[in-house]
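Below you'll find the structure, written out as C-alpha cells, and then a few comments.
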Amino acid sequence: THKIIIDTDPGQDDAIALLLAAASPELELLGVTTVAGNVPLPLTTRNARTVLELAGRRDVPVCAGAAAPLDEALVTAEHVHGKTGLDGITLPEPSLPLDPRHAADFIVQTLREHAPGSVTLCPLGPLTNIALALRRAPDIAARIQRIVLMGGGFFEGGNITPAAEFNFYVDPQAAHEVFSSGVPITMAPLDVTHRVLTTRARVEVIRALGTRVGTTVAAWMDFYERFDIAKYGSDGAPLHDPCVIAWLLRPELFKGRDCNVRIEVASPLTRGMSVVDWWQVSGLPTNALVLREVDDAGFFALLTERLQRL
Ligand code: BDR
Ligand code: CA
Numbered sequence: 002t003h004k005i006i007i008d009t010d011p012g013q014d015d016a017i018a019l020l021l022a023a024a025s026p027e028l029e030l031l032g033v034t035t036v037a038g039n040v041p042l043p044l045t046t047r048n049a050r051t052v053l054e055l056a057g058r059r060d061v062p063v064c065a066g067a068a069a070p071l072d073e074a075l076v077t078a079e080h081v082h083g084k085t086g087l088d089g090i091t092l093p094e095p096s097l098p099l100d101p102r103h104a105a106d107f108i109v110q111t112l113r114e115h116a117p118g119s120v121t122l123c124p125l126g127p128l129t130n131i132a133l134a135l136r137r138a139p140d141i142a143a144r145i146q147r148i149v150l151m152g153g154g155f156f157e158g159g160n161i162t163p164a165a166e167f168n169f170y171v172d173p174q175a176a177h178e179v180f181s182s183g184v185p186i187t188m189a190p191l192d193v194t195h196r197v198l199t200t201r202a203r204v205e206v207i208r209a210l211g212t213r214v215g216t217t218v219a220a221w222m223d224f225y226e227r228f229d230i231a232k233y234g235s236d237g238a239p240l241h242d243p244c245v246i247a248w249l250l251r252p253e254l255f256k257g258r259d260c261n262v263r264i265e266v267a268s269p270l271t272r273g274m275s276v277v278d279w280w281q282v283s284g285l286p287t288n289a290l291v292l293r294e295v296d297d298a299g300f301f302a303l304l305t306e307r308l309q310r311l
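Structure follows, in C-alpha cells:
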C-alpha cells in the first residue's frame, strides 16, 4: 500500500482521480490539499470536499493552499471545466468541514509524522503548494518517497500555449523548484494523457454502473468532452489526472523512461515548457520517470472496476 497526499484543483479529471484513489484499498489517502488552477481556490476547495463526500470519504482531511502562483497572476481554465470547475451535473453543497491548516503546512506536518520515504505526493494541478512546502521545510525533500504528478508534454506539445501544458504554465517557478528538489518524480505528461480518451462507449459503460458515482462521472465526461472533441478532433476527452493514480495502482499499464527534465521559467514564448532530455544528450542527471505510453483499455477497465466499488 501507498500512503498518499493528493494536491489538486478540481476539475472533472481531478475529481475522477480523487474517486479512483478513494475507491482503491492499495492507497491510504492521508489528505487532500487544494490549489488555485482550473478555477480559483474557493471553488477548487469546495469541489474537493464535494467529491470526497460523493465518495463517502468524510474521514479525509481537506486543506486549502495557495490562491495564486508564486510569481505570476493566476490563469484559470473555465473554458475547459466550466464556471464551477465541475460543470456537468449539480451536486449538493458539501458539509465536510475544511481543515484549518494551510496545505503547505499540512504537507510538511504529515511528512514529518510518517516514516521517511513512506509518503507519496500526487499533485494534479499547478505545483504551488508543493513548492511552498519545500521552501518552508527543505528537510521534507528527503522524506518524500516520490512525487507522481500530471504535467508537461514534450513530443505532444502544449495545451495552453504551443509549448506548455496548463499545470506547468500556471506556475512555472513552482514546477522548476519541484524538478530541482532532488525528490524522485514520475511525470504523466500530455504525451500519455492524450491517449486516455473518454470515448462514447467508455462513458456509457460508466453510466451503466447505475450508481450515483457512475451517473456523476458520466455527466462530467459529457461536459468535459465538448471542449476537447472540437479542439483535438479526437474520440473523447483526455483523462489527464487519473493517470497519476493509475500509475500508482498499476505501473505496468505505462511505459516511460528516466530522463532529465527542466522547466522554462524565463522566456515568455515558452513559459512553463517541460524540456525532457529523452535522448540523454545533456549529460545531466535523471530526475524523473517520464511516461509516454499507456494501455488505455487496461486503464479504463481499472477505472470502471474501481468506480463500481463506490
Ligand atoms: C491539466 O490541466 C487541468 O486542466 C487538468 O485538470 C489537468 O490537471 C491538463 O493540462
Ligand atoms: Ca488538474
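Using UniProt numbering, the first residue of the sequence shown is number 2, and each one after it goes up by one. Each residue gets a CB set at the ideal place from its N, CA and C atoms; glycine is no exception.
Span of the beta strand (DSSP E) holding residue i?
i	result
proline 124	120-124
alanine 65	63-65
isoleucine 145	145-151
isoleucine 246	Isoleucine 246 -> not in any beta strand (DSSP E); alpha helix (DSSP H) instead, spanning 243-250.
Is residue i near ligand 1, judged by its Cβ being under 8 angstroms from some heavy atom?
i	result
threonine 34	no
asparagine 48	no
aspartate 192	no
phenylalanine 155	no
asparagine 168	yes
glycine 126	yes
aspartate 15	yes
alanine 78	yes
glycine 152	yes
Just the C-alpha distance for residue i and residue j, rounded to the nearest angstrom, thanks.
i	j	result
glycine 159	serine 119	33 angstroms
valine 61	leucine 31	7 angstroms
leucine 42	isoleucine 186	25 angstroms
aspartate 259	proline 93	43 angstroms
alanine 189	aspartate 14	13 angstroms
glutamate 265	leucine 285	16 angstroms
residue 312	alanine 16	Because the chain in this structure spans residues 2 to 311, residue 312 falls outside the shown range and cannot be described.
arginine 307	arginine 203	14 angstroms
tyrosine 233	arginine 201	15 angstroms
proline 95	glycine 86	15 angstroms
Could you pull the DSSP bridge partners for residue i from this structure?
i	result
serine 275	Ile264
glycine 32	Ile6
leucine 198	Pro239
At a cut-off of 8 angstroms, is residue i close to ligand 2 when judged by its beta-carbon and the heavy atoms of the ligand?
i	result
residue 319	This structure cannot speak to residue 319, because the chain is shown only from 2 to 311.
histidine 3	no
asparagine 130	no
aspartate 242	yes
Looking at the unbroken alpha helix (DSSP H) that takes in residue i, where does it start and where does it end?
i	result
threonine 305	297-308
leucine 135	129-137
threonine 111	104-114
threonine 45	42-55
alanine 22	13-23
threonine 194	191-194
valine 171	167-171
Would you say residue i touches ligand 4, meaning its beta carbon is less than 8 angstroms from a heavy atom?
i	result
glycine 38	This structure lacks ligand 4; the ligands present are ligand 1 and ligand 2.
Segment contact, 8 angstroms Cβ cut-off, at least three pairs: the stretch 46-58 with the stretch 69-76: no
Touch test, the stretch 122-136 against the stretch 166-182, Cβ-Cβ under 8 angstroms, three pairs minimum: Output reads yes: the stretch 166-182 touches the stretch 122-136.
The stretch 100-108 contacting the stretch 220-232, beta-carbon criterion three pairs below 8 angstroms: no
Inter-stretch contact at 8 angstroms, needing at least 3 Cβ pairs: the stretch 209-220 / the stretch 145-163: no
Three CB pairs or more closer than 8 angstroms across the stretch 173-185 and the stretch 265-281: yes
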